[in-house]
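What follows is a single structure, written as C-alpha coordinates, with notes after it.
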Amino acid sequence: MYELSNEHGVGMEEDYRSIGLTVVWNGKGGAGKSSLAALIAFEANVDCVTNDPLTPLHIALGNGRVKTLAPTEGIPKGISKNTDLVVDLGGFLADRRIADFIKLARHVLVPIIADTPNLNASFVTVKELRNLTENVVLLPNRLKVADSEALLPVLKSRFSGFPVFPIRESAFFPNLFRDKIGLGELVVKDKLAAHTYRELLKQVGNLMDHLERQH
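In C-alpha coordinates, the structure reads:
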(Lines of atoms letter the chains of each structure in order from A and count residues from 1; the text may use other names and numbers.)
(Lines give C-alpha, C1' and ligand atoms only; values in the text may rest on other atoms or scores of the structure.)
Protein backbone atom coordinates (compact mmCIF):
# COMPACT_ATOMS: atom_id res chain seq x y z
CA MET A 1 0.00 0.00 0.00
CA TYR A 2 1.30 3.46 -0.91
CA GLU A 3 1.62 5.67 2.17
CA LEU A 4 2.04 9.43 2.22
CA SER A 5 3.07 9.49 5.87
CA ASN A 6 3.04 7.52 9.10
CA GLU A 7 -0.03 9.33 10.41
CA HIS A 8 -2.54 6.55 9.70
CA GLY A 9 -4.79 5.02 12.29
CA VAL A 10 -3.72 1.97 14.24
CA GLY A 11 -3.67 -1.12 12.08
CA MET A 12 -4.28 0.73 8.84
CA GLU A 13 -1.47 -1.05 7.03
CA GLU A 14 -3.28 -4.39 7.48
CA ASP A 15 -6.87 -3.20 7.23
CA TYR A 16 -7.30 -1.80 3.74
CA ARG A 17 -8.93 -2.78 0.46
CA SER A 18 -6.83 -3.21 -2.66
CA ILE A 19 -8.45 -0.87 -5.19
CA GLY A 20 -5.36 0.04 -7.21
CA LEU A 21 -4.85 3.55 -8.55
CA THR A 22 -8.36 5.03 -8.54
CA VAL A 23 -8.89 8.42 -10.17
CA VAL A 24 -12.02 10.47 -9.47
CA TRP A 25 -12.48 13.07 -12.20
CA ASN A 26 -15.09 15.14 -13.96
CA GLY A 27 -13.99 18.16 -15.97
CA LYS A 28 -17.26 19.99 -15.40
CA GLY A 29 -17.10 20.33 -11.62
CA GLY A 30 -19.97 20.46 -9.16
CA ALA A 31 -20.63 16.72 -9.38
CA GLY A 32 -19.42 15.85 -5.88
CA LYS A 33 -16.10 14.28 -6.82
CA SER A 34 -14.21 15.36 -3.68
CA SER A 35 -16.94 13.94 -1.43
CA LEU A 36 -16.79 10.67 -3.35
CA ALA A 37 -12.98 10.65 -3.23
CA ALA A 38 -13.11 11.06 0.55
CA LEU A 39 -15.75 8.34 0.86
CA ILE A 40 -13.69 5.85 -1.17
CA ALA A 41 -10.48 6.71 0.70
CA PHE A 42 -12.25 6.04 3.99
CA GLU A 43 -13.86 2.79 2.82
CA ALA A 44 -10.66 1.44 1.27
CA ASN A 45 -8.49 2.90 4.06
CA VAL A 46 -6.02 4.45 1.62
CA ASP A 47 -4.49 7.88 1.08
CA CYS A 48 -5.33 10.61 -1.45
CA VAL A 49 -3.50 12.76 -3.97
CA THR A 50 -5.11 15.85 -5.49
CA ASN A 51 -4.21 18.72 -7.79
CA ASP A 52 -6.68 21.07 -6.09
CA PRO A 53 -4.97 23.58 -3.75
CA LEU A 54 -8.36 24.34 -2.16
CA THR A 55 -9.30 20.71 -1.61
CA PRO A 56 -11.57 19.91 1.35
CA LEU A 57 -10.04 16.43 1.60
CA HIS A 58 -7.67 17.61 4.35
CA ILE A 59 -10.71 18.42 6.49
CA ALA A 60 -12.14 14.92 6.28
CA LEU A 61 -9.01 12.77 6.13
CA GLY A 62 -6.38 14.90 7.86
CA ASN A 63 -3.25 16.43 6.37
CA GLY A 64 -1.19 13.28 6.80
CA ARG A 65 -3.37 11.34 4.36
CA VAL A 66 -3.63 13.92 1.57
CA LYS A 67 -0.90 15.12 -0.77
CA THR A 68 -1.64 18.25 -2.80
CA LEU A 69 0.45 18.38 -5.95
CA ALA A 70 2.27 21.59 -6.82
CA PRO A 71 1.11 23.22 -10.10
CA THR A 72 4.02 21.77 -12.08
CA GLU A 73 4.38 18.51 -10.15
CA GLY A 74 3.80 15.30 -12.07
CA ILE A 75 2.83 11.83 -10.89
CA PRO A 76 4.72 11.12 -7.64
CA LYS A 77 7.55 8.63 -7.90
CA GLY A 78 6.64 5.04 -7.16
CA ILE A 79 2.98 5.25 -8.19
CA SER A 80 1.71 2.62 -10.64
CA LYS A 81 -1.59 1.10 -11.75
CA ASN A 82 -1.47 -1.25 -8.78
CA THR A 83 -0.82 1.46 -6.19
CA ASP A 84 -3.71 1.60 -3.74
CA LEU A 85 -4.45 5.31 -3.82
CA VAL A 86 -7.33 7.68 -4.57
CA VAL A 87 -6.54 10.59 -6.90
CA ASP A 88 -9.00 13.51 -6.90
CA LEU A 89 -8.44 15.58 -10.04
CA GLY A 90 -9.97 18.82 -11.23
CA GLY A 91 -9.38 20.37 -14.64
CA PHE A 92 -9.48 19.44 -18.30
CA LEU A 93 -8.01 16.55 -20.26
CA ALA A 94 -5.80 19.01 -22.12
CA ASP A 95 -3.79 19.14 -18.89
CA ARG A 96 -1.13 16.51 -19.57
CA ARG A 97 -0.85 15.59 -15.91
CA ILE A 98 -4.55 14.71 -15.72
CA ALA A 99 -4.31 12.67 -18.91
CA ASP A 100 -1.25 10.84 -17.56
CA PHE A 101 -3.02 9.89 -14.33
CA ILE A 102 -6.07 8.69 -16.26
CA LYS A 103 -3.99 6.53 -18.61
CA LEU A 104 -2.19 4.99 -15.65
CA ALA A 105 -5.24 4.36 -13.44
CA ARG A 106 -6.88 1.01 -12.77
CA HIS A 107 -10.20 2.84 -12.36
CA VAL A 108 -11.42 6.23 -13.56
CA LEU A 109 -14.56 7.17 -11.65
CA VAL A 110 -16.70 9.83 -13.31
CA PRO A 111 -19.39 11.30 -11.05
CA ILE A 112 -22.30 12.76 -12.98
CA ILE A 113 -25.45 14.63 -12.01
CA ALA A 114 -28.42 13.03 -13.72
CA ASP A 115 -30.20 15.97 -15.32
CA THR A 116 -30.24 16.84 -19.02
CA PRO A 117 -27.51 19.55 -19.17
CA ASN A 118 -25.15 17.54 -16.97
CA LEU A 119 -25.85 14.29 -18.82
CA ASN A 120 -25.03 15.92 -22.14
CA ALA A 121 -21.74 17.26 -20.77
CA SER A 122 -20.92 13.89 -19.20
CA PHE A 123 -21.61 12.07 -22.47
CA VAL A 124 -19.02 14.29 -24.19
CA THR A 125 -16.61 13.68 -21.32
CA VAL A 126 -16.90 9.91 -21.59
CA LYS A 127 -16.35 10.05 -25.36
CA GLU A 128 -13.13 11.98 -24.74
CA LEU A 129 -12.04 9.49 -22.09
CA ARG A 130 -12.32 6.61 -24.56
CA ASN A 131 -9.17 7.94 -26.22
CA LEU A 132 -7.23 7.49 -22.98
CA THR A 133 -8.69 4.50 -21.14
CA GLU A 134 -11.34 1.80 -21.10
CA ASN A 135 -11.36 1.73 -17.30
CA VAL A 136 -14.21 4.20 -16.83
CA VAL A 137 -16.80 3.71 -14.09
CA LEU A 138 -19.83 6.02 -14.04
CA LEU A 139 -21.25 7.26 -10.76
CA PRO A 140 -24.65 8.93 -11.15
CA ASN A 141 -24.39 11.02 -7.99
CA ARG A 142 -26.93 12.64 -5.67
CA LEU A 143 -29.73 10.61 -7.19
CA LYS A 144 -33.11 11.32 -5.66
CA VAL A 145 -34.89 8.15 -4.64
CA ALA A 146 -37.98 9.06 -6.68
CA ASP A 147 -35.90 9.45 -9.86
CA SER A 148 -33.77 6.32 -9.61
CA GLU A 149 -36.08 3.80 -11.29
CA ALA A 150 -36.69 5.99 -14.33
CA LEU A 151 -33.14 7.30 -14.70
CA LEU A 152 -30.98 4.23 -14.31
CA PRO A 153 -32.16 2.42 -17.49
CA VAL A 154 -31.59 5.65 -19.45
CA LEU A 155 -28.09 6.04 -18.03
CA LYS A 156 -27.14 2.44 -18.71
CA SER A 157 -28.41 2.73 -22.27
CA ARG A 158 -26.73 6.04 -23.03
CA PHE A 159 -23.43 5.01 -21.45
CA SER A 160 -23.52 1.46 -22.73
CA GLY A 161 -20.36 -0.54 -22.14
CA PHE A 162 -19.35 1.11 -18.88
CA PRO A 163 -20.16 -0.02 -15.34
CA VAL A 164 -22.73 2.24 -13.66
CA PHE A 165 -22.97 2.54 -9.88
CA PRO A 166 -25.64 4.96 -8.64
CA ILE A 167 -25.04 6.93 -5.46
CA ARG A 168 -28.17 8.30 -3.81
CA GLU A 169 -28.61 11.77 -2.39
CA SER A 170 -27.75 11.63 1.30
CA ALA A 171 -27.03 13.81 4.32
CA PHE A 172 -24.01 11.59 4.90
CA PHE A 173 -21.86 13.51 2.42
CA PRO A 174 -21.92 16.99 3.99
CA ASN A 175 -21.63 15.33 7.40
CA LEU A 176 -18.52 13.49 6.22
CA PHE A 177 -16.45 16.66 6.38
CA ARG A 178 -17.89 17.57 9.77
CA ASP A 179 -17.65 14.19 11.46
CA LYS A 180 -14.46 12.97 9.73
CA ILE A 181 -15.59 9.36 9.72
CA GLY A 182 -16.24 6.93 6.88
CA LEU A 183 -19.58 5.29 6.18
CA GLY A 184 -18.51 1.78 7.12
CA GLU A 185 -17.09 2.89 10.46
CA LEU A 186 -20.08 5.12 11.18
CA VAL A 187 -22.70 2.41 10.76
CA VAL A 188 -20.76 0.09 13.07
CA LYS A 189 -20.65 2.72 15.80
CA ASP A 190 -24.16 4.16 15.39
CA LYS A 191 -27.21 1.88 15.01
CA LEU A 192 -29.42 4.77 13.95
CA ALA A 193 -26.96 5.67 11.18
CA ALA A 194 -26.91 2.02 10.12
CA HIS A 195 -30.67 2.22 9.58
CA THR A 196 -30.69 5.71 8.05
CA TYR A 197 -27.93 4.99 5.54
CA ARG A 198 -28.71 1.32 4.83
CA GLU A 199 -29.47 1.86 1.12
CA LEU A 200 -26.43 4.09 0.61
CA LEU A 201 -24.33 1.46 2.37
CA LYS A 202 -25.48 -1.16 -0.14
CA GLN A 203 -24.62 1.12 -3.07
CA VAL A 204 -21.19 1.94 -1.69
CA GLY A 205 -20.57 -1.73 -0.93
CA ASN A 206 -21.35 -2.66 -4.54
CA LEU A 207 -18.95 0.00 -5.81
CA MET A 208 -16.14 -1.01 -3.46
CA ASP A 209 -16.54 -4.68 -4.36
CA HIS A 210 -16.22 -3.75 -8.04
CA LEU A 211 -13.09 -1.67 -7.45
CA GLU A 212 -11.48 -4.46 -5.48
CA ARG A 213 -12.44 -7.18 -7.99
CA GLN A 214 -11.15 -5.48 -11.14
CA HIS A 215 -7.40 -6.02 -11.36
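Plus 1225 on top of the position in the sequence shown (first one is 1) and you've got our numbering.
Ideal Cβ positions, reconstructed from N, Cα and C, are used throughout, including at glycine.
Computed from a predicted structure; not experimentally measured.
query, result
"Leu-1246, DSSP secondary structure in three states", "strand"
"Alpha carbon of Pro-1278 to alpha carbon of Leu-1314, nearest angstrom", "11 Å"
"Selection from Ile-1392, Gly-1316, Ala-1262 that minimises the alpha carbon distance to Val-1370", "Ile-1392"
"Local conformation of Pro-1365 per DSSP, three classes", "strand"
"Proximity test, Pro-1278 beta-carbon vs the ligand PLP heavy atom, cut-off 7 Å", "Among the components of this structure there are no ligands whatsoever, and the ligand PLP is therefore not found."
"7 Å Cβ shell around Ala-1262 - same chain, five flanking residues per side excluded", "Val-1249, Cys-1273, Leu-1282, Val-1311, Asp-1313"
"Burial state of Arg-1290 (16 or more Cβ within 10 Å)", "buried"
"Opposing strand residues paired with Leu-1314 [DSSP bridges]", "Trp-1250"
"Counted within 10 angstroms of its Cβ, other Cβ atoms place Gly-1234 as buried (16 or more) or exposed", "With a pLDDT of 38 at Gly-1234, under the threshold of 50, the modelled position of this residue cannot be trusted; read the value that follows with caution. It counts as exposed."
"Distance between beta carbons of Leu-1401 and Leu-1264, contact taken as under 8 Å", "7 Å"
"Outcome for Ala-1375 when other beta-carbon atoms lying within 10 angstroms are tallied against a minimum of 16", "exposed"
"The beta strand (DSSP E) enclosing Pro-1388, as first and last residue numbers", "That residue, Pro-1388, is in no beta strand (DSSP E); it is neither H nor E in DSSP."
"Cα-Cα separation, Lys-1258 to Asn-1276", "13 Å"
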